[in-house]
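Residue numbers (full-length UniProt numbering): 1 to 387.
Structure follows, in structure tokens:
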């Protein structure tokens, strides 16, 4: 069993690290001082263009659409590097995976402009009464003449306040329910829906609530088949869980590095605080948990790459990594004392922001449900091997 990275993986990781060091880390001080929630769109586009010069564009996008189609494991290595900075950055050239279900006309109107960065969409499934239980959605779409009329509300939608179109899952056959009677729609903002940002504990991620009141869309806006919306949604749900795991690893690595450096630098009572056993224990525990999380994240990505049923390993990775990063950030902040609590460092922001990772893209409880179900029903043998 060989745990070494290939030369190509190592080169890509090092290139990503160079991009972060040159283009993103220098922006941290201004980002923290200004209190920005996210980078201005134009600045982000400029950075995306620079990332493209480094060779990063459409990492998960198929090559026929101008993307790189990188393996999930390689993408995980890149996301670990990018997560080392508190400056929120999204690589360009990406689109929601269910947009590939679009027909030729829809690809020209939505998929290709999104990949090229000329349009920004959002995926609208979650509702006030339907979070983990996505089958409980109540937003409806009824036919009126040749059009569909959408009514309802979506909430906690990422990019919801910035997007110019939304991929909306709505119930089209109430008798069959959301699971078997929902449909996906491509709905332009100028069709009449509105949005309101949701202030959150972690200011670096600001979702939105979307409102649909008699929003009329033509039949050409149906994405995929009528009645197949829930199946499409399942293709989107969980697609980023192994990416989130890698992101947690990157944040934790940066926080632990900061903690170690500060423990060697900060002196109290005539000696570095790193000489105190209490601090040493926090550093040791953080390193141990981080190393375990790193291998869970990379194992999950490896399972995705080899075409295995990765639900089990991805669920373990997300559950453990999202909890791990919260503990590591907490210890790093504790080691920094009062300085860690200030906005001069990214620790307090990460302390708030990483709490959301245990909620979105599947809560801790959902991951535990997946894992226990797999074991109790014999889908997976103890040790993570498929039965």
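Don't be surprised by glycine CBs; every beta carbon is placed ideally from N, CA and C.
- In the assembly as shown, residue 100 is an exposed residue. Its beta-carbon has fewer than 16 other beta-carbons within 10 Å.
- By a beta-carbon distance limit of 8 angstroms, residue 259 does not contact residue 198. Their separation comes to about 32 angstroms.
- Going by DSSP, residue 209 is part of the beta strand (DSSP E) stretching over 208-217.
- Judged by their CB atoms, residue 274 and residue 263 are nearer to each other than the 8 angstroms cut-off.
- Distances from the alpha-carbon of residue 95 to those of 117, 344 and 362 put 117 closest.
- Under the three-state reduction of DSSP, residue 154 is assigned to strand.
- Within 10 angstroms of the beta-carbon of residue 331 lie 16 or more other beta-carbons, which makes it buried.
- Judged by DSSP in its simplified three-state form, residue 195 adopts strand.
- Rounded to whole angstroms, the separation of the alpha carbons of residue 87 and residue 27 is 7 angstroms.
- Taken through DSSP and simplified to helix, strand or coil, residue 148 comes out as strand.
- When Cβ pairs closer than 8 angstroms are counted between the two stretches, the segment 224-232 is seen to touch the segment 176-184, the count reaching three or more.
- Note on geometry: alpha-carbon atoms of residue 148 and residue 194 lie some 18 angstroms from one another.
- With the rule of 3 Cβ pairs closer than 8 angstroms, the segment 29-42 does not count as touching the segment 264-273.
- The C-beta distance from residue 152 to residue 212 rounds to 5 angstroms, short enough to meet the 8 angstroms contact threshold.
- Within a 10 Å sphere around the beta-carbon of residue 3 sit fewer than 16 other beta-carbons, which makes this residue exposed.
- Taking C-alpha positions only, residue 168 is separated from residue 98 by approximately 12 angstroms.
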